[in-house]
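Novice: So that we are looking at the same thing, I have put the structure below in structure tokens.
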Amino acid sequence: MPGCLISRRLTPKVKSSEINRIPDCREISKIFINGKWLDSTATFPVYNPANGEEIARVADGGAAEARAAFKAAAEAFKSWSASTAHYRSAILYRAWQLMLERKDELAALMTQEQGKPLKAAANEVQYAADFLLWFAEEAKRNYGETIPSGRADQRFVVQHQPVGVVAAVTPWNYPVSMITRKVAPALAAGCTIVLKPAESTPLCAIEVFKILQEAGVPDGVVNLVTANDPAPVGEEFCSNPVVRKLTFTGSTAVGKKLARDAAGQLKRVSMELGGHAPFIVFEDADPVHAAKGAALVKFLNTGQACICPNRIFVHRNIATAFLETLTARVAKMRVGAGNEPGVAIGPLVNEQAIAKIDAQVTDACSKGAKVLAGGDRLVDGEFSNGYFYAPTILHGVTEEMLIYREETFGPVAPVVLFDDDDDILAMANDTTYGLAAYVYTQNLSLAMRTFEGLQFGIIGINDINPTSAAAPFGGMKNSGLGREGAREGMVEYLETKLGGFSV
Ligand code: NAD
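Printed below as a string of structure tokens:
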């Protein structure tokens with residue numbers, strides 16, 4: 001393991017008395033500022049979406065807590081930004097090791113809090129840990145540049161320095177990896193950070209911050225403010241002059257609001273927003289292979305992933321074989337609580353999610369779409385207290401339907417038939433979003449032309465998982481600004497500084 005390569009000298013030391021300060025989040029969930037877990041008189045409940053049971057109560061922070069966290073982050077920035085990249089790298093390595101050691105317990109907590117099946121939760125913890133490892137390595141590769149000048153007596157030197165204090169907001173659908181995808185590059189770059197997790201998944205966030213503390217991240221470098229109402233914290237994030245960078249993952253509507261508010265002080269922003277992925281199956285593709293892929297990526301996280309397909313374009317001549325396989329696959333998907341063996345489809349996040357899906361399915365059916373599977377909320381027996389929706393296939397979806405335009409964020413696969421390959425690029429690009437897209441064809445030149453013509457940031461060609469800590473993740477148009485992961489992920493947290501030296 002690369003962590004074993006860290007020399008004793010570089011491994012940060014954590015006193016056991018410091019580790020003892022870390023609370024068990026299930027009995028007491030506090031706000032983490034300046035290395036201390038602080039009490040709060042106000043708390044809010046966290047529920048299991050599979051059965052509606054209250055799991056824990058969490059400290060309810062607001063603008064005052066955010067302000068205190070920024071003060072601590074600004075103070076900590078002085079020494080953290082001056083520390084060596086090797087030191088910061090060693091801490092991230094240690095966090096990576098700790099996260100992998102706790103993979104099973106973190107996955108179990110995630111299943112309880114967010115709902116996804118245990119295996120998917122463990123995969124997410126692995127993905128989250130990947131960012132810690134990747135940026136532990138990238139920390140040491142913050143290279144500068146020298147540029148030849150036109151003047152014989154001048155030298156240009158370029159350095160990349162940390163932007164400063166970062167404010168981060170993360171969503172509930174990937175409650176661990178969306179945190180490390182921001183925190184790891186920020187720390188690698190030398191920034192300090194204040195993070196607000198989603199109100200429905202604060203427990204996963206608390207566990208991640210416990211790992212960071214235990215890995216030896218110094219006081220004030222990472223700070224966590226949990227809150228039931230995100231608005232006051234968001235206002236502080238956008239208006240506090242200490243904050244130099246705002247990074248957000250969530251819906252396009254909230255992202256745009258925060259970007260507008262942050263523009264008042266011209267803070268740098270990164271925005272990972274919604275998607276409406278096209279999944280294109282050309283006539284020459286293997287329809288069975290493509291349908292298996294569609295079944296996997298559409299129903300990933302119960303359809304609650306920003307890269308889930310929302311328009312499955314299938315050439316009419318292979319539609320029968322495609323739909324047979326897709327329908328057979330969906331029929332086998334077991335719905336239930338994520339900790340039940342064999343469950344593939346967990347609960348949705350809340351009542352509003354169900355209402356949105358219902359509205360899109362009802363609208364599509366009223367305009368002529370046919371339901372080939374599912375089509376209903378599940379309410380009986382084991383489903384009675386949770387937010388379950390049957391995995392659904394809609395056939396004959398057309399551009400007049402809501403689902404053709406709106407992100408669903410649920411387990412509904414809308415299938416749109418097409419006849420002419422020449423039309424498909426325009427159809428796929430006919431959306432305000434531009435995050436992920438998928439293409440199935442065996443024709444290399446068609447694959448390349450489609451890849452080049454699609455206005456999306458992440459494109460899978462005969463591949464449903466074009467994501468990795470090593471690869472840039474992000475969208476075009478209303479899907480966002482900036483990239484996470486990869487080399488680009490750290491650049492988001494760096495300023496470019498030019499020195500012109502007269503010699
Ligand atoms: P959301 O925008 O409602 O919430 C996301 C986060 O923003 C939460 O932490 C929430 O508390 C916070 N928030 C909401 N209003 C706020 C405000 N006024 N000020 C500050 N913070 C505020 O989105 P969601 O429903 O939690 O997540 C689903 C959305 O996220 C989908 O659109 C999905 O596509 C998108 N998403 C995108 C990516 C990506 O990488 N592009 C990844 C995951 C999710």
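Under our numbering, the sequence shown has 63 at position 63, and the numbering climbs by one with no breaks. Don't be surprised by glycine CBs; every beta carbon is placed ideally from N, CA and C. Remember, it's a predicted structure, so these values are computed and weren't measured experimentally.
1) Helix or strand or just coil, what does DSSP make of P45?
2) Going by other Cβ atoms of all chains shown within 10 Å of its Cβ, with 16 needed for buried, is P341 buried or exposed?
3) Are the Cβ atoms of D358 and R377 separated by less than 8 Å?
4) Express the C-alpha separation of V281 and G457 in angstroms, rounding to a whole number.
5) Figure out for me which residue from F383, K267, M333 has the closest Cα to the Cα of A296.
6) May I have a chain-ordered list of the alpha helix (DSSP H) segments no shorter than 4 residues that lie completely inside the region 225 to 287?
7) Let me check you understand the geometry: is the CB of F473 closer than 7 Å to at least one non-hydrogen atom of ligand 1?
8) If you compare alpha carbons, which of V397, M401, D380, A331 is closest to G374?
9) Report yes if the C-beta of M448 is less than 7 Å from at least one heavy atom of ligand 1; otherwise report no.
10) Quick check on DSSP: helix, strand or coil for K497?
11) Okay, do the region 93 to 102 and the region 435 to 453 touch, 3+ Cβ pairs below 8 Å being the bar?
12) Excluding the 5 residues preceding and the 5 following I211 in the sequence, name in chain order all residues of the same chain whose CB lies nearer than 8 Å to its CB.
13) Using 8 Å as the threshold, is the C-beta distance between N223 and A73 below it?
14) Go ahead and pull the three-state DSSP assignment for N34.
15) Taking the continuous beta strand (DSSP E) assigned at Y404, which residues delimit it?
16) Could you check the C-alpha separation between N301 and V46 for me, to the nearest Å?
17) Quick one: grab the DSSP three-state call for M490.
18) What is the rounded straight-line gap between the Cα of V169 and the Cα of Y433?
19) Considering only residues of the same chain and omitting the five flanking positions on each side of W197, which have a CB-CB separation below 6 Å?
20) Consider the C-beta atom of N142 and the heavy atoms of ligand 1; say whether any pair is separated by less than 7 Å.
21) Exposed or buried, what is P411 when buried is set at 16 or more other beta-carbons lying within 10 Å of its beta-carbon?
22) Between the C-alpha atoms of S502 and G190, what's the straight-line distance to the nearest angstrom?
23) What whole-angstrom Cβ distance do G164 and F77 have, given they're in contact under 8 Å?
24) Tell me the DSSP bridge mates of P162?
25) Would you kindly report the start and end of the unbroken alpha helix (DSSP H) that includes F451?
Specialist: Straight from the coordinates:
1) On the sequence shown, residue 45 is found 45 positions in, with the first residue counted as 1. Note: P45 maps to strand in three-state DSSP.
2) As a first step, residue 341 must be located in the sequence shown, where it is residue number 341. It counts as exposed.
3) As a working mapping, residue 358 is identified with position 358 in the sequence shown. As a working mapping, residue 377 is identified with position 377 in the sequence shown. Yes. Within cutoff.
4) Here residue 457 refers to the residue found at position 457 of the sequence shown. Here residue 281 refers to the residue found at position 281 of the sequence shown. C-alpha separation (whole angstroms): 19 Å.
5) Position 296 of the sequence shown, counting from 1, holds the residue named residue 296. A quick correction: the sequence has Leu, not Ala, at residue 296. Looking at the Cα atoms, M333 is the closest of the given residues.
6) 230 to 239, 252 to 263
7) The residue labelled residue 473 in the question sits at position 473 within the sequence shown. Yes, the Cβ of F473 comes within 7 Å of a heavy atom of ligand 1.
8) Here residue 374 refers to the residue found at position 374 when the sequence shown is read from its first residue. The shortest C-alpha separation from G374 is found at A331.
9) Reading the sequence shown from its first residue, position 448 is the one you call residue 448. For ligand 1, not one heavy atom lies less than 7 Å from the Cβ of M448.
10) Along the sequence shown, one-based indexing puts residue 497 at 497. Strand at K497.
11) no
12) As a first step, residue 211 is located in the sequence shown; it is residue number 211 there, counting from the start. For I211, where only same-chain residues beyond five positions count, the Cβ hits under 8 Å are A95, L98, M99, R102.
13) One-based indexing of the sequence shown puts residue 223 at position 223. One-based indexing of the sequence shown puts residue 73 at position 73. The answer is yes: Cβ separation under 8 Å.
14) The residue you call residue 34 lines up with position 34 of the sequence shown. In the structure shown, N34 sits in coil (DSSP, three-state: anything other than H, G, I, E or B).
15) By one-based count along the sequence shown, residue 404 stands at place 404. Y404 -> not in any beta strand (DSSP E); alpha helix (DSSP H) instead, spanning 402 to 405.
16) Taking the sequence shown and counting its residues from 1, one reaches residue 301 at position 301. Taking the sequence shown and counting its residues from 1, one reaches residue 46 at position 46. So the alpha carbons of these two residues sit roughly 19 Å apart.
17) Position 490 of the sequence shown, counting from 1, holds the residue named residue 490. In the structure shown, M490 sits in a helix (DSSP, three-state: H, G or I).
18) On the sequence shown, position 169 is the one that residue 169 refers to. On the sequence shown, position 433 is the one that residue 433 refers to. Going by the C-alpha atoms only, they are around 20 Å apart.
19) Here residue 197 refers to the residue found at position 197 when the sequence shown is read from its first residue. Position check: residue 197 holds Pro in this sequence, whereas Trp was assumed. Cβ within range, chain order: T170, A205.
20) Position 142 of the sequence shown holds residue 142. Not under cutoff, so the answer is no.
21) Numbered from 1 along the sequence shown, position 411 holds the residue referred to as residue 411. By the 10 Å Cβ count, P411 comes out buried.
22) Counted from its first residue, the sequence shown places residue 502 at position 502. Counted from its first residue, the sequence shown places residue 190 at position 190. Approximately 29 Å, taken between the alpha carbons.
23) As a first step, residue 164 must be located in the sequence shown, where it is residue number 164. As a first step, residue 77 must be located in the sequence shown, where it is residue number 77. At roughly 6 Å, the Cβ-Cβ gap stays under 8 Å, so G164 and F77 are in contact.
24) As a working mapping, residue 162 is identified with position 162 in the sequence shown. Per DSSP, L494.
25) The sequence position of residue 451 within the sequence shown is 451, counting from 1. First-last of the alpha helix (DSSP H) with F451: 444 to 453.
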